[in-house]
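Chemist: Okay, here's the structure, questions in a sec.
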Amino acid sequence: MIVGPTGGGKTTTYKVLADSMTKLRLQANSKDPRFQNVKLKVLNPKSISMGELYGEENIDTQEWTDGLASKILRKFAQVKDPDRKNWCVLDGPVDALWIENMNTVLDDNMTLCLVNGERIKLNHSIRILFEVQDLAVASPATVSRCGMVYITPSDLGWRPYFNSWIQNYISRFLADQKLAFLIALFEMFVDLGFEKMRPLRDRETLPTQESQNVQCLCNFIEHFIKDQKI
4 MIVGPTGGGK TTTYKVLADS MTKLRLQANS KDPRFQNVKL KVLNPKSISM GELYGEENID
64 TQEWTDGLAS KILRKFAQVK DPDRKNWCVL DGPVDALWIE NMNTVLDDNM TLCLVNGERI
124 KLNHSIRILF EVQDLAVASP ATVSRCGMVY ITPSDLGWRP YFNSWIQNYI SRFLADQKLA
184 FLIALFEMFV DLGFEKMRPL RDRETLPTQE SQNVQCLCNF IEHFIKDQKI
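According to our numbering, the residues represented by the sequence shown are 4 to 233, in order.
Spelled out as structure tokens, the structure:
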């Protein structure tokens, strides 16, 4: 489980890891077993119903319809390539409605049990990743079956996003001198602004992170300078 608030870098972390493992295996020809050709499938379990996630039977026709998770894991289980790792990323809040079905997948059985009686036996090339904001409603049975990686936004800060924005986007619209001036303004005032805002954090209706605030500021600046050279 990758745990941390929005904007902390959870998605980027596992994507960079997967990309690095794949390049080390395919491009660097490394024989280290830790480096594998990684294939990712990402879905949000809270955006769909339980039937759409694990599958359901039509009451009228008695016809079985596969769910997204069952389709993905069945397809992964059929892959026999020893040099390939298959990651199924469940990006969404953990709750008892859908996570309990994963308990038999996460323990030594490594089997997904569906309500139609089908049992999908997984293999060791499959990894299940949970990308969650917190574990407030996760059961002890689920937590004990998972390894935990907690990512704190304070360790990341706002500068990685700002530097990426400067290099990949805004540098196309500003001359060097004005670009340097914009960077100096951010370095001078952003941290100072967060110091002023910190006592007001408890009053926020929807809690935000520093990286989210800087992202909004960057979007605001983009509105005034996009599609023109300054």
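All residues carry an ideal CB built from backbone N, CA and C; glycine is no exception.
In terms of residue numbering, what span does the alpha helix (DSSP H) encompassing Phe197 cover?
Modeler: 179-200
Chemist: Taking Phe176 and Ile228 to be in contact with their CB atoms under 8 Å, please state how far apart those CB atoms are, rounded to whole angstroms.
Modeler: Contact holds; Cβ gap of about 5 Å.
Chemist: Considering only the alpha carbon of each residue, which of Leu138, Phe133, Asp137, Leu109 lies closest to Lys124?
Modeler: For Lys124, the closest C-alpha among the options Leu138, Phe133, Asp137, Leu109 is that of Leu109.
Chemist: I'd like to check one pair, Gly95 with Asn47: are the Cβ atoms closer than 8 Å?
Modeler: Pairing Asn47 with Gly95 gives a Cβ-Cβ distance under 8 Å.
Chemist: With 16 other CB atoms within 10 Å as the buried threshold, where does Glu121 fall?
Modeler: exposed
Chemist: Between the segment 84-93 and the segment 43-62, do three or more beta carbon pairs fall short of 8 Å?
Modeler: The segment 84-93 vs the segment 43-62: in contact.
Chemist: Taking 6 Å as the limit between beta carbons, can you name the residues of its chain near Trp161, skipping five residues before and five after?
Modeler: These residues qualify, in order along the chain: Glu213, Ser214, Val217.
Chemist: Tell me, which residues are paired with Thr114 by DSSP?
Modeler: Lys124
Chemist: Which term fits Phe184, buried or exposed, when burial requires 16 or more other beta carbons within 10 angstroms of its beta carbon?
Modeler: exposed
Chemist: Tell me the rounded alpha-carbon separation between Ser21 and Leu27.
Modeler: The question names Ser, but residue 21 is Ala in the sequence shown. Roughly 10 Å separates the two Cα atoms.
Chemist: Compare the C-beta of Asp86 with all C-beta atoms of chain D and state if any pair is closer than 8 Å.
Modeler: Any reference to chain D falls outside this structure, which holds one protein chain only.
Chemist: CB Leu76 to CB Leu115, shorter than 8 Å?
Modeler: Yes, the Cβ-Cβ distance between Leu76 and Leu115 is below 8 Å.
Chemist: Given 7 Å as the limit, tell me if Ser23 has its C-beta closer than that to any heavy atom belonging to the ligand NAD.
Modeler: The model on display carries no ligand, and the ligand NAD is accordingly not part of it.
Chemist: Let me know the secondary structure DSSP gives Asn171 once reduced to three states.
Modeler: helix
Chemist: I need the straight-line Cα distance from Val1 to Thr211, nearest angstrom please.
Modeler: Residue 1 lies beyond the range of the chain shown here (4 to 233); nothing can be said about it.
Chemist: At what residues does the alpha helix (DSSP H) containing Phe38 begin and finish?
Modeler: It is not in any alpha helix (DSSP H) - Phe38 carries neither H nor E in the DSSP assignment.
Chemist: Quick check on the DSSP output: the alpha helix (DSSP H) that includes Asp94 runs from which residue to which?
Modeler: Per DSSP, Asp94 belongs to no alpha helix (DSSP H); it is in the beta strand (DSSP E), 87-94.
Chemist: Return the residue from the list Gln170, Leu100, Leu93, Ser33 that minimises the CA-CA distance to Val135.
Modeler: Leu93
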